[in-house]
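Okay, so here's the structure we're looking at.
Numbering (this note's numbering), first residue to last: 1 to 547.
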């Protein structure tokens with residue numbers, strides 16, 4: 001008994017000395033003292049957790065894991081050990097492995113401690129499992145309504161799910177409980193930016209960065225704000241932080257290669273440029289790639305396989321490869337890489353750096369001729385107009401989409417033959433349009449944009465006009481130089497940063513005319529209002545069509 005008391009007293013003494021050393025900034029001494037304490041009491045959960053965390057932060061991740069993994073059964077009674085193990089597994093293997101440790105402890109316990117739920121919510125969020133993260137957080141706030149960090153993360157999840165009103169409520173609650181909740185400040189900044197209040201957005205982002213100067217998400221959102229306002233130098237600087245945002249903004253196709261720096265005029269080996277985010281973004285940034293030829297680099301553009309044939313034809317001097325399993329950059333002689341979006345800082349420092357050109361992509365001429373002849377039989381002398389009306393983006397699609405029925409005022413315009421450009425299965429909507437309104441939208445079964453963008457590019461290039469909401473079809477039309485009406489909300493989530501805050505033109509595509517709704521006007525109402533302008537635009541052939 002005396003030995004046990006002596007051991008407990010020795011462990012307590014070492015624990016306090018380790019804490020003092022840690023607070024004094026001597027992490028090595030603190031870790032050494034904790035090792036001594038752990039040797040006396042190997043099963044002490046507090047010593048074990050603190051020692052493992054200090055080893056992890058000191059770079060000894062494998063040693064920390066060697067301590068924590070055998071202690072997983074002990075973590076059933078001491079959730080802080082499970083959280084420490086999850087922290088180490090997250091660094092070693094990613095959120096899925098970390099989540100498995102927390103799930104094991106939750107299953108064994110039979111109850112749902114708030115700290116474990118918060119940990120699982122954060123990990124689900126990192127994996128874009130927003131609904132599961134939300135479910136865990138709802139249980140947190142049910143048990144502990146004053147947990148500010150739970151409300152803050154709920155606000156970020158609501159933003160991801162396109163539920164702005166909920167995001168506003170959750171962020172207000174979080175900041176009322178704790179004004180230093182950086183995630184909630186970011187949510188408030190994003191909502192202010194979407195409402196068109198740039199000054200308020202900057203204030204919220206500034207408050208967040210004062211608390212966490214290296215927060216990637218805040219820098220990224222501030223970059224998007226600057227880009228939308230045409231502040232390109234500051235905007236590209238913030239945009240570059242997207243690579244460090246968790247969960248990632250897009251997939252990483254860098255293959256762990258060193259990043260190319262602009263000062264490397266001619267790097268040893270080849271340069272790989274990799275497309276990122278969605279099809280529309282890849283098309284847009286492809287307009288920058290050809291400018292690298294003047295810098296004497298030998299680029300290979302790695303892109304979505306559906307875009308590879310189109311880019312190969314359109315970007316002379318640039319090698320193009322579709323992303324495929326088993327692609328090995330080193331086998332291609334590649335030694336450096338850069339994300340396509342990072343070329344903006346190098347090639348588009350201001351609006352004057354955007355070239356004035358009708359198009360930069362070229363559809364297959366034979367396919368264009370084929371579709372023109374095919375559609376001419378349908379048009380019978382009428383103008384060929386392509387339409388698209390929907391985005392399926394989970395967070396933004398509902399803000400920038402119409403129903404096909406909303407376009408009935410357009411489809412009633414005389415002198416037009418309308419061609420469906422909308423990706424996905426739209427047979428029911430097209431049939432309902434005919435039954436309800438007596439209107440015809442021609443669908444071409446030969447064209448499936450989800451499988452072949454070569455076919456859709458040729459289809460669009462065969463048309464005389466395009467009318468669309470913000471989706472990949474409008475990017476193709478702009479890059480092909482086809483005169484296009486782009487229907488945009490007045491402001492908010494449906495107006496991507498590259499469309500800017502005002503004006504009818506965009507430097508990215510000269511053939512696009514940006515039609516913005518009036519304040520408090522829906523896209524459907526804007527369609528009705530714009531019909532008075534449509535005949536004149538249809539008859540104006542000053543814009544040169546592609547091919």
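Cβ coordinates follow ideal geometry from the N, Cα and C atoms, glycine included.
Could you give the uninterrupted runs of the beta strand (DSSP E) lying entirely in the region 494 to 531, keeping only those of 3 residues or more? 512 to 516
Taking just the CA atoms, how far does residue 446 sit from residue 440? 18 Å
Distance, Cα to Cα, residue 544 vs residue 215? With a pLDDT of 38 at residue 544, under the threshold of 50, the modelled position of that residue is not reliable, and no figure is offered here.
Could you give the distance in angstroms between the alpha-carbon of residue 167 and the alpha-carbon of residue 157? 8 Å
Suppose the cutoff is 7 Å on Cβ atoms and the five residues either side in sequence are ignored; what does the same chain contact list for residue 260 look like? 267, 271, 336, 337, 338
Counterpart residues of residue 416 in DSSP-defined beta bridges: 383
Going by the beta-carbon positions, is the gap between residue 170 and residue 151 smaller than 8 Å? yes
CA-to-CA distance, residue 305 to residue 318, given in whole angstroms: 15 Å
Residue 224 and residue 207 look like a contact to me (Cβ under 8 Å); what is the Cβ gap, rounded to whole Å? Not confirmed; about 18 Å, so no contact.
To the nearest angstrom, how far is it from the Cα of residue 143 to the Cα of residue 114? 7 Å
Just to confirm the assignment, what range does the beta strand (DSSP E) spanning residue 299 have? 299 to 303
Beta-carbon spacing of residue 474, residue 484 below 8 Å: yes
Which residue from 89, 51, 101 puts its Cα closest to that of residue 73? 101
Would you kindly work out how many angstroms separate the C-alpha atoms of residue 334 and residue 262, rounded to a whole number? 16 Å
Ignore the nearest five residues each way along the sequence and tell me which others in residue 539's own chain have a CB closer than 6 Å to its CB. none
Suppose you measure from the CA of residue 93 to the CA of residue 248; what does that come to, to the nearest Å? 15 Å
Using a Cβ-Cβ cut-off of 8 Å, state whether residue 420 counts as contacting chain D. Annotation note: the requested chain D is absent from the structure, which comprises a single protein chain.
Whole angstroms is fine: what's the gap from residue 15's alpha carbon to residue 116's? 25 Å
Local conformation of residue 451 per DSSP, three classes: coil
Neighbourhood of residue 358 by C-beta, 7 Å cutoff - its chain only, sequence neighbours within 5 removed: 481, 510, 511, 544
Confirm, please, whether the CB-CB distance from residue 54 to residue 83 is below 8 Å. no
Measuring straight from C-alpha to C-alpha, what distance separates residue 164 and residue 192? 11 Å
In this structure, how does DSSP classify residue 221 when only helix, strand and coil are distinguished? helix
How about residue 285 and residue 341: do their beta carbons lie closer than 8 Å? yes
Would residue 111 be called buried (16 or more neighbouring beta carbons within 10 Å of its own) or exposed? exposed
If the criterion is Cβ atoms closer than 8 Å, does the pair residue 530 and residue 396 meet it? no
In its own chain, which residues sit with a C-beta less than 6 Å from the C-beta of residue 18, not counting the 5 before and 5 after it? 30, 33, 34
Could you tell me whether the region 455 to 471 touches the region 362 to 377, using the rule of 3 or more Cβ pairs below 8 Å? yes
For residue 222 and residue 201, I'd like the C-alpha separation in whole angstroms. 8 Å
Beta-bridge partners of residue 320, as assigned by DSSP: 301
What is the DSSP secondary structure of residue 485, counted as helix, strand or coil? strand
Locate the alpha helix (DSSP H) running through residue 47, then write down its first and last residues. 45 to 57
Taking a contact to mean a Cβ-Cβ separation below 8 Å, would you say residue 412 touches residue 402 in this structure? no
Alpha carbons only, please: which of 6, 230, 524, 103 is nearest the one belonging to residue 124? 103
Who are the near neighbours of residue 7 in its chain, counting only those whose CB is closer than 6 Å to its CB and skipping five residues on each side? 40
Is the beta carbon of residue 343 closer than 8 Å to that of residue 288? yes
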